[in-house]
Amino acid sequence: MKLYHFGRAPNARRARVFSAEKAIDLELIEVDLGSRAQLNPDYAHKNVMAEVPALELDDGTLVTESNAICRYLEGIQPEPALFGTTPLEQAQIAMWDRRVELHGFLAVTEGFRNGNAFFKDRALTGPIDYPQIPQLAERGRKRFAAFLDLLETRLGESDYLAGPTFSIADITAAITCDFARVIKMGPPFEGHPKLQAWFERIMSRPSMSA
Ligand SMILES: N[C@@H](CCC(=O)N[C@@H](CS)C(=O)NCC(=O)O)C(=O)O
8 MKLYHFGRAP NARRARVFSA EKAIDLELIE VDLGSRAQLN PDYAHKNVMA
58 EVPALELDDG TLVTESNAIC RYLEGIQPEP ALFGTTPLEQ AQIAMWDRRV
108 ELHGFLAVTE GFRNGNAFFK DRALTGPIDY PQIPQLAERG RKRFAAFLDL
158 LETRLGESDY LAGPTFSIAD ITAAITCDFA RVIKMGPPFE GHPKLQAWFE
208 RIMSRPSMSA
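Heads up: the sequence shown begins at 8 in this note's numbering, then just goes up one per residue.
1) According to the Cβ coordinates, are L143 and E117 closer than 8 Å?
2) Does the distance from the CB of I100 to the CB of A152 come in under 8 Å?
3) Going by DSSP, what residues sit across from K9 in a beta bridge?
4) Helix, strand or coil for L69 per DSSP?
5) Within the same chain, show all residues whose beta-carbon is closer than 7 Å to that of W205, passing over the 5 residues directly before and after it, in chain order.
6) What's the C-alpha gap between S42 and Y50?
7) Considering only heavy atoms of ligand 1, does any lie closer than 7 Å to the CB of Q139?
8) What did DSSP end up calling R43 once you bin it into helix, strand or coil?
9) Using 7 Å as the cut-off, classify the Cβ of T160 as near or not near the heavy atoms of ligand 1, replying yes or no.
10) Between N74 and chain D, is the shortest Cβ-Cβ distance under 8 Å, so that the two count as touching?
11) Between which two residues does the alpha helix (DSSP H) harbouring E145 extend?
12) Please list, in chain order, all residues of the same chain as R120 whose beta carbon is under 6 Å from its beta carbon, the five residues on each side excluded.
13) Please indicate yes or no: does the CB of N130 lie closer than 7 Å to some heavy atom of ligand 1?
14) Using the rule of at least 16 other Cβ atoms within 10 Å of the residue's Cβ for burial, across every protein chain shown, is D177 buried or exposed?
15) Please report the straight-line C-alpha distance between E34 and D156, rounded to a whole angstrom.
16) Is A16 near ligand 1, going by C-beta to nearest heavy atom under 7 Å?
17) May I ask you to list the residues that DSSP assigns as paired with G170?
18) Buried or exposed for M192, please, with buried defined as at least 16 other CB atoms from any protein chain shown within 10 angstroms of its CB.
19) At a cut of 8 Å, does the region 8-18 reach the region 57-75 through at least three beta carbon pairs?
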């Protein structure tokens, strides 16, 4: 299987880390977002959303959306279970993972893409150009600060984000926290000791360097 990715892209990192946790080998093919290769027609037919990651199966079938890619990998290699096994575990992991996507990851991207000259007229990913809204850069930073407080509270009551075991929610959250460097709100997370200790624990996993 091939994974179309970009080294610094957090959603692509999510798929790489997940496959490393599963010990699934993927052939990595770089799509250079720095030169806007994702908009090139050669790639657009692989992902109409003009985004990485995209997983190409050996028969040519394409799966896009990082969460969907991870779900596929979980299906073909169930151990270790990173989406939970019981209905309750699965629900709690899905709940925390979605919270991270909506309130953590989107807050960082709102801050980054509306406040950086590289993304002029590219405030959203995808094939259509959208202008930046400078107020959203500030709002994204505020939302991310609230998200860090949410994590601090949660990690005071649970070893891992979604419960007692490591899951996709920890992968998504740790990558999001690391990515927050782009808005100068990344590690170390001063004033958030529980979050900082969890972050160091997750980052020390070998998969995180995939
Ligand atoms: N919902 C998608 C989002 C993918 C996404 O936003 N990818 C970014 C990199 S992390 C991208 O391809 N950006 C292209 C661009 O900046 O135009 C997923 O989870 O895979």
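Glycine is no exception: its CB is placed at the ideal position from the N, C-alpha and C atoms.
By the coordinates alone:
1) yes
2) no
3) E34, E63
4) strand
5) L162
6) 13 Å
7) no
8) coil
9) no
10) Of the protein chains in this structure there is only one, and it is not chain D.
11) 141-162
12) F126, A130
13) As written in the sequence, residue 130 is Ala, which differs from the Asn given in the question. Because no heavy atom of ligand 1 lies under 7 Å away, the Cβ of A130 does not count as near it: no.
14) buried
15) 38 Å
16) yes
17) Y167
18) buried
19) yes
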